[in-house]
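First comes the structure, then the notes that go with it.
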Amino acid sequence: MDLGQIEKEAENSISLVKNTSDLEKWRIKYLGRKSALSLFFNSLSKLSLVGKKKQGQKANTIRQFLSSLYKEKKIDIESNASFSSDFIDITQPGEKMRQGHLHPLTLILRDITNSFQKMGFSIIEGPEIETEYYNFDALNIPAGHPAREMWDTLWIKPEHKNQKSKMLLRTHTSPMQVRFMETHQPPFRIIVPGKCFRYEATDASHEIQFHQIEGLMVGENISLSNFKAIIEEVVEDIFKQKVLVRFRPSYFPFVSPGVEVDIKMKSKIKGQKSKVKDEWLEIMGAGIVHPDLFKRAGYANNRWQGFAFGLGVERIAMIKYRIDDIRLFFSPDVRFLEQF
Ligand code: PHE
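Counting in numbering that gives the first Met the number 0, the sequence shown runs from 0 upward without gaps.
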């Protein structure tokens, strides 16, 4: 019988013992009356005196070692009993759960798109990387046209020299007017929410990236007064109060006439000591779709009319939440985000 082997086995297995009943099983196996060690002691009588002494001492040391292991483990288990995993100290203060929430831009985007959806607009999306053709030429802004100056552009390095159309990061969502009309016949009403990019120095009211919601409604006899009615409805839905809407003449090559749309709140925004009341605030560019765009889409002559608009999403959020710096939307400042 290899006593050394038994000792090693006993030592290894006690580390797995976690409770009193397992410890008792361990004791019976290694220290009990029928354990290998006890049987060994019984067999000593058959040996000579010298043999008895030598083997007996060795077995004794092992037995002492195993009983000390046993005692240690017992104390260990007993002292841990009050902290065992099923013990709950109900007097301990709880751990505060921090819950995240949607970003203010996501909230406002959802608000605005919901309002338009209620009025029958479908939501369409388009590519953020555009060709020069869709972003400019197809919108009556050919190379060299002074209107290109209105959109400082982030161009994408061509992959090879002979690339036909130059690529860019779209400067507005208007290219989707063209893309949509290429593949759809009127009547329709759509909005296109999405990210836009401009090569600009950033300050409190300019960011290199921002969001627009493009709108396009085409049908028979669609006029600017239809547009005004819809915008009034949407803006009142977003701000939950009566709002005045006014048009100022403006110029965009893909609409005629072109306008800029301002709004004015009739009362304070809830919970804000806001100056916003009685102030005219610009929220979008818009106008009646230029006949050139219909021609490019292959629509029947003089049959259709429509309006288009490009709404600044950050503008709306800044007015609604009284945010005075557009850069905060893209900053990781938790103090800003926690206000929403
Ligand atoms: N795309 C224009 C801009 O970014 C806004 C606009 C959209 C104007 C649709 C007219 C019609 O400034």
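All C-beta atoms, glycine included, are put in the ideal place defined by N, C-alpha and C. Predicted, not measured: the structure shown is a model, and the values here were computed from it.
Limits of the beta strand (DSSP E) - the one that residue i falls within
{"i": "residue 248", "result": "242-249"}
{"i": "residue 189", "result": "187-196"}
{"i": "residue 263", "result": "254-264"}
{"i": "residue 201", "result": "That residue, residue 201, is in no beta strand (DSSP E); it is neither H nor E in DSSP."}
{"i": "residue 128", "result": "128-130"}
For residue i, the first and last residue of its enclosing alpha helix (DSSP H)
{"i": "residue 317", "result": "312-320"}
{"i": "residue 2", "result": "2-13"}
{"i": "residue 161", "result": "Unbroken run through residue 161: none, as it is neither H nor E."}
{"i": "residue 327", "result": "Residue 327 -> no alpha helix (DSSP H), and no H or E assigned at all."}
{"i": "residue 227", "result": "223-238"}
{"i": "residue 179", "result": "174-182"}
{"i": "residue 135", "result": "Taken as a continuous stretch (DSSP letters only), residue 135 belongs to no alpha helix (DSSP H), as it is neither H nor E."}
{"i": "residue 24", "result": "19-30"}
{"i": "residue 16", "result": "Note, residue 16: premise wrong, no alpha helix (DSSP H); not H, not E."}
{"i": "residue 335", "result": "333-336"}
For residue i: DSSP bridge partner residues
{"i": "residue 154", "result": "167"}
{"i": "residue 209", "result": "195"}
{"i": "residue 299", "result": "The partner list for residue 299 (beta bridge, DSSP) is empty, contrary to what the question assumes."}
{"i": "residue 280", "result": "262"}
{"i": "residue 304", "result": "218"}
{"i": "residue 143", "result": "According to DSSP, residue 143 bridges with nothing at all."}
{"i": "residue 288", "result": "254"}
{"i": "residue 309", "result": "213, 284"}
{"i": "residue 121", "result": "189"}
Residue i to residue j span [Cα, whole Å]
{"i": "residue 321", "j": "residue 266", "result": "14 angstroms"}
{"i": "residue 115", "j": "residue 307", "result": "14 angstroms"}
{"i": "residue 176", "j": "residue 169", "result": "13 angstroms"}
{"i": "residue 41", "j": "residue 15", "result": "29 angstroms"}
{"i": "residue 137", "j": "residue 224", "result": "26 angstroms"}
{"i": "residue 240", "j": "residue 327", "result": "26 angstroms"}
{"i": "residue 303", "j": "residue 104", "result": "34 angstroms"}
{"i": "residue 318", "j": "residue 264", "result": "10 angstroms"}
{"i": "residue 69", "j": "residue 45", "result": "30 angstroms"}
{"i": "residue 248", "j": "residue 279", "result": "15 angstroms"}
{"i": "residue 209", "j": "residue 277", "result": "26 angstroms"}
{"i": "residue 59", "j": "residue 21", "result": "24 angstroms"}
{"i": "residue 188", "j": "residue 230", "result": "13 angstroms"}
{"i": "residue 146", "j": "residue 99", "result": "43 angstroms"}
{"i": "residue 192", "j": "residue 89", "result": "50 angstroms"}
{"i": "residue 152", "j": "residue 226", "result": "29 angstroms"}
{"i": "residue 2", "j": "residue 86", "result": "40 angstroms"}
{"i": "residue 113", "j": "residue 149", "result": "30 angstroms"}
{"i": "residue 73", "j": "residue 23", "result": "10 angstroms"}
{"i": "residue 19", "j": "residue 78", "result": "12 angstroms"}
{"i": "residue 43", "j": "residue 52", "result": "9 angstroms"}
{"i": "residue 76", "j": "residue 12", "result": "15 angstroms"}
{"i": "residue 252", "j": "residue 94", "result": "59 angstroms"}
{"i": "residue 242", "j": "residue 159", "result": "52 angstroms"}
{"i": "residue 281", "j": "residue 312", "result": "12 angstroms"}
{"i": "residue 186", "j": "residue 213", "result": "17 angstroms"}
{"i": "residue 141", "j": "residue 134", "result": "10 angstroms"}
Local Cβ density within 10 Å of residue i, reported as buried at 16 or more and exposed below that
{"i": "residue 49", "result": "exposed"}
{"i": "residue 66", "result": "exposed"}
{"i": "residue 174", "result": "buried"}
{"i": "residue 301", "result": "exposed"}
{"i": "residue 57", "result": "exposed"}
{"i": "residue 172", "result": "buried"}
{"i": "residue 36", "result": "buried"}
{"i": "residue 198", "result": "exposed"}
{"i": "residue 260", "result": "buried"}
{"i": "residue 154", "result": "exposed"}
{"i": "residue 129", "result": "buried"}
{"i": "residue 167", "result": "buried"}
{"i": "residue 205", "result": "exposed"}
{"i": "residue 333", "result": "exposed"}
{"i": "residue 64", "result": "exposed"}
{"i": "residue 200", "result": "exposed"}
{"i": "residue 131", "result": "buried"}
is_contact[residue i, chain D] using C-beta, thresh 8 angstroms
{"i": "residue 46", "result": "Here chain D cannot be found, since the structure has a single protein chain."}
* Contained alpha helix (DSSP H) runs [length at least 4] in the segment 33-111, N- to C-terminal order -> 35-42, 48-79
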